[in-house]
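Working notes, structure below.
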Amino acid sequence: MSTTATPSTTTAIPKRVSPARRIAFNLTARYALVLLWIVMLLALVALVPGDVSVLNAARTVFGQMTPVVFLGLGVVITMAVGEFDLSFVGIFSISAVAVPSLAVLHGWPVGLAVLAALAIALVLGAINAALIVGVGINSVVVTLGIWSLAGGLAFWLSGETTVSGLDLALATISTGRFLGLPYLFWYGVVLVAIVAYVMGATPIGRHMVFVGSNRAVAALAGIAVSRVRAGAYLVSALLAGLAGVVISIGNGGFNPASATAYLMPVFAAVFLGTVAVVPGRFNPIGMFIAAYFLITGVFGLQLLNFTGWVTEVFYGTALVVAVTVSHLLQRRVKG
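For the sequence shown, position 168 (counting from the first letter as 1) is numbered 168 according to the UniProt record's numbering, and the numbering increases by one without interruption.
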């Protein structure tokens, strides 16, 4: 009697990753940009000649009077719902110019000039929404045109020069300090917290994610896709207008020619922010971290006497790297 040997088969059992290691990996993936930011600050302190402490360097970075966080939030909101907005630069410019132009050149009360500036921003945002969502025109074309339109009106309203003369007492609205940092920084923190809560813990935020992922599926699920898209453009315009108001009041005036300088930093911060906190998604906290990460880099270059073209190269490189990493992360998340 013969016996036939049955070949034995072995099944590879995947190794289980311990919960502690999984948590450590997730935290590292989410906050690697923060760790890199800390390393950058330490390198800055080590390389810059003189006695510069980490605390003083961080205070200087956070004390920058910049509208990048305000503008970046608007871009995060539009990108989250699958839209693209270039008009924030022009809306920011005309809103910033409107306050000193109406108050100083035309004698309007400052409060009324502020309301007019915000109204102008909302009107331009409504035009974006009507043409892109209502008519169906390409968002790049429309928002680029609105950027040019608003920027041109800003130059016309200002007489193609810097408009100043606002009461310096009003500047404390932006430049007054709390815990050693300007109010403008804390306004940004509050706005980031509000937007993060709305996007992460409310039905509106979930609708934004669904619309940004797949409009057709979102519509089948009963979500008012058009309202979500239009609302994103309106909120983005309002944030750009608010940024213009607080910057012009803080500086006592505004030069419309300076607005275009914020285009690259804002987009770099928005896309670089997708590698932090919620990898692969546009998120306000990640944008906030990325914005000050980039500001730290520019500040360090300035202290090392690198100015002018180096700053442009830095932001351009950061944008290309951020878009590439964001694309790879989004593809991985979808996969």
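A virtual CB, placed ideally from N, CA and C, is assigned to each residue, including glycine.
Which same chain residues, not among the five before or five after residue i, have their C-beta less than 6 Å away from its C-beta?
i: Thr10; result: Confidence at Thr10 is low in this model, with a pLDDT of 48, below 50, so the placement of that residue should be treated as unreliable; the coordinate-derived value is given next. Closer than 6 Å at the Cβ level, and outside the excluded window around Thr10, lies no residue.
i: Ala5; result: Low local confidence applies: a pLDDT of 47 at Ala5 is under 50, so the model's placement there is unreliable, with the coordinate-based value given in what follows. Once the five neighbours on either side are set aside, Ala5 has no close Cβ partner at all.
i: Ala96; result: Gly244, Ile247, Ser248 and Phe254
i: Met1; result: Residue placement at Met1 is flagged as unreliable, the pLDDT there being 44, under the threshold of 50; the coordinate-derived value follows with that caveat. Excluding residues within five positions, none has a Cβ falling inside 6 Å.
i: Ile226; result: In the sequence as presented, Ile is not what sits at residue 226; that position holds Ser. Taken in chain order, the residues that qualify are Val133.
i: Phe185; result: Phe62
i: Gln64; result: Ile295
i: Ser93; result: Gly151, Ala154, Pro256 and Ala259
Check the Cβ-Cβ distances between residue i and every residue of chain C, and say whether any is below 8 Å.
i: Gly180; result: Annotation note: the requested chain C is absent from the structure, which comprises a single protein chain.
Let me confirm a value: residue i is counted as buried when at least 16 other C-beta atoms fall within 10 Å, else exposed. Which label applies?
i: Glu83; result: buried
i: Gly136; result: exposed
i: Phe178; result: exposed
i: Val69; result: buried
i: Ala193; result: exposed
i: Ser164; result: exposed
i: Asn283; result: buried
i: His207; result: buried
i: Thr202; result: exposed
i: Leu47; result: exposed
i: Gly212; result: buried
i: Arg281; result: buried
i: Val236; result: It should be pointed out that residue 236 corresponds to Ser in this sequence rather than to Val. It is buried - the Cβ of Ser236 has at least 16 other Cβ atoms within 10 Å.
i: Gly188; result: buried
i: Ser258; result: exposed
i: His106; result: exposed
i: Leu73; result: buried
i: Leu242; result: buried
How is residue i classed by DSSP in three states: helix, strand or coil?
i: Gly107; result: coil
i: Leu36; result: helix
i: Gly82; result: coil
i: Leu304; result: coil
i: Met65; result: coil
i: Asn138; result: coil
i: Leu319; result: helix
i: Gly231; result: helix
i: Ile132; result: helix
i: Ala113; result: helix
i: Arg206; result: helix
i: Pro265; result: helix
i: Asn56; result: helix
i: Ile13; result: In this prediction, Ile13 scores a pLDDT of 47, lower than 50, which makes its location untrustworthy; the coordinate-derived value is nonetheless stated afterwards. Ile13 falls in the coil class under three-state DSSP.
i: Gly280; result: coil
i: Gly244; result: helix
i: Gly222; result: coil
i: Gly159; result: coil
i: Ser101; result: helix
i: Ser93; result: helix
i: Ser213; result: helix
Leaving aside the five residues before and after residue i along the sequence, list all residues of the same chain whose C-beta is less than 7 Å from its C-beta, in chain order.
i: Thr260; result: Val89
i: Val298; result: Thr311 and Phe314
i: Ala221; result: Phe210
i: Ala232; result: Ile77, Thr78, Val81 and Glu83
i: Ala290; result: Leu33, Ala269, Leu272, Gly273 and Ala276
i: Trp147; result: Leu86, Ser87, Val89 and Gly90
i: Ile285; result: Val192, Ala196 and Val277
i: Glu160; result: none
i: Ala58; result: Leu41
Since residue i sits in a beta bridge, which residues does DSSP pair it with?
i: Gly253; result: Ser164
i: Leu181; result: Phe178
CB residue i to CB residue j, shorter than 8 Å?
i: Ala98; j: Leu157; result: yes
i: Val61; j: Tyr315; result: no
i: Val110; j: Ala121; result: no
i: Asn56; j: Ser87; result: no
i: Val142; j: Leu131; result: yes
i: Ala150; j: Ile91; result: yes
i: Val75; j: Phe267; result: yes
i: Val195; j: Ile204; result: no
i: Val34; j: Ala276; result: yes
i: Val133; j: Ala230; result: yes
i: Ala240; j: Leu115; result: no
i: Gly125; j: Leu263; result: no
i: Leu294; j: Ala318; result: yes
i: Leu36; j: Pro100; result: no
i: Pro279; j: Phe155; result: no
What does a CB cutoff of less than 8 Å around residue i pick up in its chain, not counting 5 residues either side in sequence?
i: Ala171; result: Ile249, Gly250, Asn251 and Gly252
i: Val323; result: Phe271
i: Gly300; result: Met40, Ala43, Leu44, Leu47 and Val48
i: Val140; result: Phe84 and Leu86
i: Pro14; result: Here the model assigns Pro14 a pLDDT of 49, short of 50, so the residue's position is not dependable and the matter cannot be decided.
i: Trp108; result: Leu102 and Ala116
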